[in-house]
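Asks:
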Ligand code: SME
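In the working numbering, the protein residues as written are 27 to 242.
Below, the structure written as structure tokens:
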């Protein structure tokens, strides 16, 4: 969506203006949440405005269907909007396994088999995994020793599993049913917003029109 070519400058300015309007709209809600945090309202401590987050994801993906670009910006949006997390990103369902996609946080394991760990369980069952204590989850894969709770949400396109949204927190019991519902709405939006068949290894092959690609 954001390119530096001359022809796209106007389009990018419109995009940035629209995105900054959405960020500005966040201020009243954020101020309300900050006040609640100062007063020590436990239930509000990590509350996320999922209506706003979905609006941001819509703005970030509008007019762009490249999976890697959209997931890269989406991981940044999740990182900006969710407090008390130490990793957020995506695993792509490819070739019968999960492969690391765009993320924010420490380097993570690259490939996960279906059925292994929290992510593999979400992929195998097709169900969101809300884990209050990862140390009690049999087979949990520890990518960051700081993680104590985790939520993994399947992303589907045309009814088929295409990726997972994975979020880790250093706090036990960080994720609530509100988070589950909000993140499932975000996952549904992203499932529709990307061309999942495009990208991956195929994107790095030389085009057939390149004469060098014809040579054995
Ligand atoms: N904990 C995950 C592995 C991925 S990292 O958290 C980024 C799991 O058990 O599947």
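Ideal Cβ positions, reconstructed from N, Cα and C, are used throughout, including at glycine.
Quick test of your reading: residue 137 and residue 124, contact by CB under 8 Å. State the CB separation rounded to the nearest angstrom.
Replies: About 7 Å; that satisfies the 8 Å criterion.
Asks: Would you kindly work out how many angstroms separate the C-alpha atoms of residue 223 and residue 90, rounded to a whole number?
Replies: Taking the straight line joining both Cα atoms gives about 14 Å.
Asks: Regarding residue 113 and the ligand SME, is the C-beta to nearest heavy atom distance less than 6 Å?
Replies: Yes, Cβ of residue 113 sits closer than 6 Å to a heavy atom of the ligand SME.
Asks: Quick check on residue 121: does DSSP put it in helix, strand or coil?
Replies: Residue 121: coil per DSSP, three-state reduction.
Asks: In this structure, does DSSP put residue 160 in helix, strand or coil?
Replies: Helix, per DSSP.
Asks: Along the alpha helix (DSSP H) that carries residue 182, what are the first and last residues, could you check?
Replies: Note, residue 182: premise wrong, no alpha helix (DSSP H); beta strand (DSSP E) at 175-183.
Asks: Which one of 181, 87, 179 and 112 has the shortest CA to CA distance from residue 96?
Replies: Nearest option by C-alpha distance: 87.
Asks: Would you check if the segment 101-113 and the segment 193-212 touch, i.e. whether three or more CB-CB distances between them fall below 8 Å?
Replies: Short answer: they touch.
Asks: Within the same chain, show all residues whose beta-carbon is closer than 7 Å to that of residue 117, passing over the 5 residues directly before and after it, in chain order.
Replies: Once the five neighbours on either side are set aside, the close Cβ partners of residue 117 are 124, 125, 126, 127, 138, 145, 189, 190 and 192.
Asks: Give the single residue among 181, 155 and 115 whose Cα lies nearest to the Cα of residue 214.
Replies: For the residues 181, 155 and 115, the minimum Cα distance to residue 214 belongs to 181.
Asks: Can you give me the start and stop residues for the beta strand (DSSP E) that residue 139 sits inside?
Replies: Its beta strand (DSSP E) spans residues 137-139.
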